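Chemist: Residue numbers (this note's numbering): 33 to 300.
#1: Span of the beta strand (DSSP E) holding residue 150?
#2: Which same chain residues end up closer than 7 Å to residue 301 when comparing Cβ atoms and leaving out the 5 residues on each side of it in sequence?
#3: Measure the C-alpha to C-alpha separation of residue 52 and residue 139 and round it to an integer number of angstroms.
#4: Could you give the uninterrupted runs of the beta strand (DSSP E) lying entirely in the stretch 80-109, keeping only those of 3 residues or more?
#5: Report buried or exposed for residue 117, applying the criterion of at least 16 other Cβ atoms within 10 angstroms of its Cβ.
#6: Given this structure, state the Cα-to-Cα distance separating residue 234 from residue 225, to the nearest angstrom.
#7: By Cβ distance below 7 Å, which residues in the same chain neighbour residue 285 in space, the five residues on each side in sequence not counted?
#8: Can you tell me the Cα-Cα spacing of residue 163 and residue 264, whole angstroms?
#9: Looking only at C-alpha atoms, which of 241, 99, 133 and 165 sits nearest to residue 86?
#10: Could you tell me if residue 297 is buried or exposed, where buried requires 16 or more neighbouring beta carbons within 10 angstroms of its beta carbon?
#11: Could you have a look at residue 255 and say whether DSSP puts it in helix, strand or coil?
#12: With respect to the beta strand (DSSP E) encompassing residue 49, which residues constitute its N-terminal and C-terminal limits?
#13: Please go through the same chain and pick out, in chain order, the residues whose beta-carbon is closer than 7 Å to the beta-carbon of residue 94, but skip the five residues on each side of it.
#14: Do the stretch 139-150 and the stretch 59-69 touch if we need at least three Cβ pairs shorter than 8 Å?
#15: Apart from the five residues just before and just after residue 110, which ones in its own chain have a Cβ nearer than 8 Å to its Cβ?
#16: Can you give the Cα-Cα distance for residue 168 and residue 159, rounded to whole angstroms?
#17: Report the three-state DSSP secondary structure of residue 248 (helix, strand or coil).
#18: For residue 260, is the classification buried or exposed, using 16 other Cβ atoms within 10 angstroms of its Cβ as the cut-off for buried?
#19: Which same chain residues end up closer than 7 Å to residue 74 when comparing Cβ atoms and leaving out the 5 residues on each side of it in sequence?
#20: Where does residue 282 sit, in a helix, a strand or coil, going by DSSP?
#21: With 16 as the cutoff for other CB atoms within 10 Å, does residue 128 come out buried or exposed?
#22: Between 246, 239 and 114, which has its C-alpha nearest residue 90's C-alpha?
#23: By alpha-carbon positions, which one of 71, 67 and 83 ends up nearest to residue 103?
#24: Going by other Cβ atoms of all chains shown within 10 Å of its Cβ, with 16 needed for buried, is residue 82 buried or exposed?
#25: Let's test the definition: count the other Cβ atoms within 10 Å of the Cβ of residue 262 and tell me whether it reaches 16, buried, or not, exposed.
#26: Can you tell me whether residue 234 is helix, strand or coil according to DSSP?
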C-alpha cells in the first residue's frame, strides 16, 4: 500500500528566519521557586479550562491558577504583574494604568479594579510556560555563576583576548545562555504551539502571531517583519494578488513546528 504523504509547507521564495527575543528570558523568567504541580500538564489544564477565551481577567486567573497549578494567590499576582510589565511596552499605556490603579485605590475600589484587569490568554500561556526554563535547562546553576564549557563559547573565542577576564567570562556566559534558550525553545516549541491553540492541533494566523512575544520573524537577523507574514500558508496566492490571504486557514501544529524549528537561528 502506498504510504500517505506527510503534509508540509511549500518552500517559500522569501527565506524566513526566526530568532529569540532574549529579553523575554532575561527579564521574564522569574527567579522564583515553583511547586512540582506547576508543569506542562497543569498548563494544558488551564488551556482546556479557558478554551473559549482570548483574554483572561485577573480574577479568572486567580481561580484557575489555584485549581490547576496549585499556587498561592500571591505567586499568581507576581506572575500576572510580571507578564503585564513585559507585554505592555508602551510607556503611555503603562503610565495610564498606574494612574487608573492609584485612582481606584483612592476610591477604595482597588480589589475590583485588579479583578477586572485582563491580558491576552495565548501570550500569557507562553509566558507561563517559559517559567519552566530553569527547571528544564541542562545548566542547573544560575547563569552568571557558571563558567561555560569550551564547546559553548566558540562564537566569543576571537573576542576574549581583547577583554578583561571578568568581561570575557560574562560574554561567554551570555553566549551559553542564548544557546541554551534556543535549545529550550526548539525542544518545547510543539508544546507551546498546543498551548496557544488552546488544546487543539491546528492554528490560525491570529493564534500564531502570539509567538511574537517570544520570537522575531524576518528575512535576516536585522529586518523584522510582522510575525507570520513570511509563512507560505498565509501568503497571497501568486496568481490572485487581489485576493487577501485567508488568515483563518488552519495549519497543522506539527507542520508549523518543523517549519519554524528549521529556520530558528542563534541571535547575532
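For each residue, glycine too, the CB sits at the ideal point set by N, CA and C.
What you are looking at is a predicted structure, and each value in this text was computed from that prediction instead of being measured.
Modeler: Quick answer:
#1: 150-152
#2: Any question about residue 301 goes unanswered here, given that the chain covers just 33 to 300.
#3: 42 Å
#4: 87-89
#5: exposed
#6: 9 Å
#7: 222, 225, 226, 229, 233, 234 and 235
#8: 31 Å
#9: 241
#10: exposed
#11: strand
#12: 49-52
#13: 105 and 108
#14: no
#15: 62 and 64
#16: 15 Å
#17: strand
#18: buried
#19: 100 and 101
#20: coil
#21: exposed
#22: 114
#23: 67
#24: buried
#25: buried
#26: strand
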